[in-house]
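Peer 1:
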Amino acid sequence: NMFSLTFVVFLVCIYLMVQGRQDGIVTEAVVEGLDVLEVFQAISKFAFAYAGQFLYLEMMAEMKEPNDFPKSLVFAAAPYQLSMYVFMSTVGYYYLGENQPDLILQALPFNWTRVLASTLLF
């Protein structure tokens, strides 16, 4: 699963890099005219991104030594997730700016790249 997720992240990034940054892409550190609703919508996207954390309990239940789970989380899972999220969001925001879709796979065209990425994430 880790390898398929990594492949999909790099597939999307390579596609964006090959397409290049379009003219008129706007990237800002803080958007002007931001209201409270937009702030909460942005925060909810982070909550959605980490919604899969409930699987940790199931993974822990399947482990031979559940007491080793905190070590695997701290030294493997959390750094991997954080690095993938930061890498993908940085590349996506640089190339797509404020036009970046909620689901990054929507940046791919409807061809073999999206089919492959969707299949690997399923």
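With the numbering used here as the guide, the letters of the sequence shown map in order to residues 866 to 987. Where is the CB? At the ideal position from N, CA and C, for every residue including glycine. Source: prediction; values computed, not measured.
1. Output the residue ranges of the alpha helix (DSSP H) runs that lie fully inside the region 900 to 973 and measure 4 residues or longer, sorted by chain position.
2. Rounding to the nearest angstrom, what Cα-Cα distance links A941 and A912 in this structure?
3. Using the C-alpha atoms, what's the distance from M867 back to E923?
4. Quick one: Cα of M928 to Cα of T871, how far?
5. Can V877 and M953 be called in contact, C-beta distance under 8 angstroms?
6. If you count every other CB in all the chains shown that lies within 10 Å of the CB of V874, and 16 or more means buried, which is it?
7. Can you check which of these residues, Q918, I908, Y921 and I969, is closest to L881 by C-alpha distance?
Peer 2: Based on what the coordinates show:
1. You should have 901 to 914, 920 to 927, 934 to 937 and 943 to 961.
2. One-based indexing of the sequence shown puts residue 941 at position 76. One-based indexing of the sequence shown puts residue 912 at position 47. A941 and A912: Cα-Cα distance of roughly 21 angstroms.
3. In the sequence shown, residue 923 corresponds to position 58, counting from 1. In the sequence shown, residue 867 corresponds to position 2, counting from 1. E923 and M867: Cα-Cα distance of roughly 17 angstroms.
4. To locate residue 928, count along the sequence shown from 1; it is residue 63. To locate residue 871, count along the sequence shown from 1; it is residue 6. Cα to Cα, the separation comes out at about 23 angstroms.
5. The residue labelled residue 877 in the question sits at position 12 within the sequence shown. The residue labelled residue 953 in the question sits at position 88 within the sequence shown. Contact: yes.
6. Here residue 874 is taken as the residue at index 9 of the sequence shown, counted from 1. Buried is the call here.
7. To locate residue 881, count along the sequence shown from 1; it is residue 16. Nearest option by C-alpha distance: I969.
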